[in-house]
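Residue numbers (this note's numbering): 21 to 488. Beta carbons: idealized from backbone N, C-alpha and C, even for Gly.
This is the structure:
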């Protein structure tokens with residue numbers, strides 16, 4: 021084996037070793053999974069900017085290349101990798117529908133000329149329903165990836181889509197159907213419900229009418245049954261046959277403030293006047309009933325636990341499937357509970373000790389009480405990340421990110437650059453890590469040395485580089 025071949029094999033092995041070592045030294049940052057989306061204050065020209073805020077002083081990635089006077093974040097889709105937002109420019113009545121992702125971090129315009137406030141997005145983020153801002157004011161449902169669209173105003177003729185109910189028109193949980201309200205004269209009166217199959221535009225009319233505009237809410241889907249609320253009643257709809265039945269709920273007739281369905285087990289959770297209940301949608305029987313508790317907006321995690329507000333200094337939560345109640349006595353609790361981690365294991369709260377506020381976490385199962393960070397009097401809670409790893413908080417000088425596990429505090433944005441936190445998503449570029457930089461440095465050193473050695477070999481034995 022020639023000296024050149026030996027040298028080449030040695031260098032290849034060295035590079036492979038460096039690659040292996042770099043992987044061993046890489047440590048995932050807790051902020052790599054989700055970063056906050058922040059809308060910054062209006063500039064002197066009246067435009068606003070939306071950015072991803074990363075740990076490190078004033079490290080941001082702009083997500084808006086267009087000069088917008090208003091930005092409305094409409095949702096985060098594709099497992100946290102795509103954000104949808106509306107960009108409003110000179111005409112406040114017109115909005116452009118924008119998408120930003122790793123391929124187009126500063127956003128791409130998908131639909132322009134949308135009537136501001138008229139847009140509804142399907143649960144998977146692939147379909148949008150909107151009203152055009154032109155003279156026709158047409159109702160359009162469009163697939164944002166393929167451009168396939170249906171003009172709802174033409175499909176339902178001679179009926180009229182109810183203008184005041186656009187935001188109440190809803191998609192099914194699987195984003196396969198669109199439910200809309202129509203009226204036969206375009207005037208307030210008896211409303212009808214129809215559904216449109218999005219893949220081919222098939223229209224089906226449902227036997228649902230109301231004397232006034234009722235609003236419809238899709239609560240969830242269990243197998244082939246869709247559960248919906250309509251005109252103060254609850255119905256189940258068989259998806260493949262359009263068979264609709266009134267649910268036999270064993271509860272007094274009343275207007276419920278809110279409702280949500282846990283899909284897999286078929287349990288409906290409702291807040292009614294001064295109590296909250298759970299109902300089996302198959303039998304209609306009440307499973308549990310909690311008095312003096314109204315939940316205006318359900319936020320059910322996979323664990324099924326819901327914190328009951330207003331019971332200081334004791335933290336109370338109820339399990340939405342069984343009605344089991346758990347309590348955590350927190351003697352020094354002086355402020356409202358901040359949050360619980362998405363896995364339901366930890367409660368995040370603020371406790372006052374001798375006039376000093378501490379941010380703490382307590383385990384629901386073991387009651388282990390752990391200090392996150394002390395001396396936090398000058399901070400205010402903003403939100404918890406979807407993975408539960410960090411908290412957003414503000415101090416007089418700006419926005420910070422607090423690691424729930426080790427209490428480390430990362431500066432994100434100065435106060436002058438922070439207006440509001442609007443959502444969370446996965447970062448378009450991962451945060452800085454030293455191991456890859458070390459690899460690059462060693463590679464550069466290798467590159468600077470190898471050519472000199474090769475020239476020496478070439479000078480001593482030119483024939484080794486010639487073909488045979």
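- Distance from the CA of residue 447 to the CA of residue 93, rounded to the nearest whole angstrom, comes to 16 Å.
- Contact annotation, residue 350 with residue 361: C-beta distance approximately 16 Å; criterion of less than 8 Å not satisfied.
- Residue 113 sits in coil when the DSSP states are folded into three classes, being neither helix nor strand.
- With fewer than 16 other Cβ atoms inside 10 Å of its own Cβ, residue 113 counts as exposed.
- Rounded to the nearest angstrom, the gap between the Cα atoms of residue 172 and residue 297 is 38 Å.
- A contact is defined here as three or more CB-CB pairs under 8 Å, and the segment 411–420 meets this definition with respect to the segment 389–403.
- For residue 173, the secondary structure class from DSSP, reduced to helix, strand or coil, is helix.
- DSSP places residue 417 outside both helix and strand once states are collapsed to three, so it counts as coil.
- Apart from sequence neighbours up to five positions away, the residues of its chain that approach residue 72 with a beta-carbon distance below 7 Å are 55, 57, 80, 81, 83, 447 and 448, ordered along the chain.
- For residue 336 and residue 347, the gap between their C-alpha atoms comes out near 5 Å.
- The Cβ atoms of residue 164 and residue 135 lie no closer than 8 Å to each other.
- By the beta-carbon neighbour count (other beta carbons within 10 angstroms, threshold 16), residue 290 is buried.
- Counting every other CB atom within 10 Å of its CB across the protein chains shown gives residue 245 a total of 16 or more, marking it as buried.
- The straight-line gap separating the alpha-carbon atoms of residue 66 and residue 130 is approximately 24 Å.
- Here residue 161 really is in contact with residue 169; their C-beta atoms are around 6 Å apart, less than 8 Å.
- In the same chain as residue 396, and ignoring 5 residues on each side of it, the C-beta atoms closer than 6 Å to its own belong to 377 and 379, in chain order.
- Looking at the backbone, the Cα of residue 424 and that of residue 365 are separated by about 13 Å.
- Around the beta-carbon of residue 122, fewer than 16 other beta-carbon atoms lie within 10 Å, marking it exposed.
- By the neighbour-count definition (other C-beta atoms within 10 Å, threshold 16), residue 258 is an exposed residue.
- Take the alpha-carbon of residue 192 and the one of residue 445: they are about 24 Å apart.
- For residue 89, there is no enclosing beta strand (DSSP E), as DSSP marks it with neither H nor E.
- Counting along the chain, the unbroken beta strand (DSSP E) around residue 102 starts and ends at 102–108.
- Comparing C-alpha distances from residue 302 to each of 308, 286 and 138 shows the shortest one belongs to 286.
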